[in-house]
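Counting the sequence shown from 1 gives a position; our numbering is that position plus 91.
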Amino acid sequence: MKFIGYLFFLFGYRVNHLFRRIKSKILKVNKQEKIDYLHKRIIKYPKLESIEKTISDLVEKNMSITRFGDGEYHLCLGKSIGFQEFTFRLGFRMFKILSDSKSESCMIGIIPYQLNGINEYSTDFWYENIDYVLKFFNKNTLYYNARITRELTNENIMHLKKAWEKRDVIFITGKGSRFSENHTIFDNVASKQSLFTTARNAWSDYNQTYKNVLIAAKSISNPIVICAIGPTASILAYDLSIINIQCLDIGHITNIYDKLFLNADKPENLPIQ
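What follows is the structure, given as structure tokens:
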């Protein structure tokens, strides 16, 4: 899809979204009716590889991973989220990666489409957006599971750590962000250096961040980039994979680890300094 096509996509989405919200209020569509509608649409959502298979390919094949969750979906649909404002270029880049990716070195991770035990927020999100979310995907693309850092087990952690074992790691995170590059989960790296961007609206600093990574990568023989810069990481991981630099978009992994195993607070509840 070209950029003009993306603009038409956004226009169609906004008309459809407005109609769906008005219909929902006028007809007073309840949660169960929304779920019944979603059950009819689920057959068109891509089948994902398991979390275990996703981690295995990441480690064994030295692949990069870019992950798309509901925040990234919102940006593709032209909506800003808490710490990242929408721009047409950002939304278009994300849409292109999801729909047109032919990369053999970068896994495209998306969230599972699950209706069992779904909460009110997720029900409304999928009901209002599913018809256009389905337009993101390419039937010829193999999609992986974006929740590899959300549903951690001891076994998965030990396997995932092999990706950066004895590697020279370049961490990219926002200044004052929740991510900790000194976390115990990274106790097996050979060396590490940190690059920083803005904690909010990291996309505005993308070109400089990309250049900084290239400069840092030149000084080490086998670099791996680990980034936690919100939706911008989705694009950075994809772009670096094209030039054969492995990059992992792993988000809040250190905070998720602390929540699951140390009973810490949810990462979304932690402040950005």
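All residues carry an ideal CB built from backbone N, CA and C; glycine is no exception. Predicted model, so just to flag it, every value in this text is computed and none were measured.
* For G265, is the beta carbon positioned less than 7 Å from some heavy atom of the ligand MN? -> This structure does not include the ligand MN; it has no bound ligands of any sort.
* Asked: Does the beta carbon of R112 sit closer than 8 Å to a beta carbon anywhere in chain D?
  -> No chain D appears in the structure shown, which is made up of a single protein chain.
* To do: Determine the DSSP secondary structure at F94, reduced to helix, strand or coil.
  => In the structure shown, F94 sits in a helix (DSSP, three-state: H, G or I).
* Asked: In whole angstroms, what separates the C-alpha of R184 from that of K93?
  -> CA-CA distance, R184 to K93, rounds to 10 Å.
* Asked: Do you know offhand how far S295's Cα is from S325's?
  -> Using only the alpha carbons, I get a separation of about 14 Å.
* Near L351, what residues of its chain come up, given a Cβ to Cβ distance below 6 Å and the 5 sequence neighbours on each side ignored? -> Around L351: L243.
* Inter-stretch contact (C-beta, 8 Å, three-pair minimum) for the region 309–320 and the region 195–204 -> Of all C-beta pairs linking the region 309–320 to the region 195–204, fewer than three are shorter than 8 Å, placing the two stretches out of contact.
* Inspect the beta-carbon positions of E151 and N236 and report whether they are closer than 8 Å. => In terms of Cβ geometry, E151 and N236 do not form a close pair [threshold 8 Å].
* **Delimiting residues of the beta strand (DSSP E) encompassing F287** => First-last of the beta strand (DSSP E) with F287: 282–288.
* In whole angstroms, what is the alpha-carbon distance linking P362 and N273? -> Note that P362 has pLDDT 49, beneath the 50 cutoff, so the model's placement of it is unreliable and the number below is only indicative. Straight-line Cα distance between these residues: approximately 18 Å.
* Asked: Would you call the CB atoms of G173 and G182 closer than 8 Å?
  -> It is not a contact, given that the beta carbons lie outside the stated cut-off.
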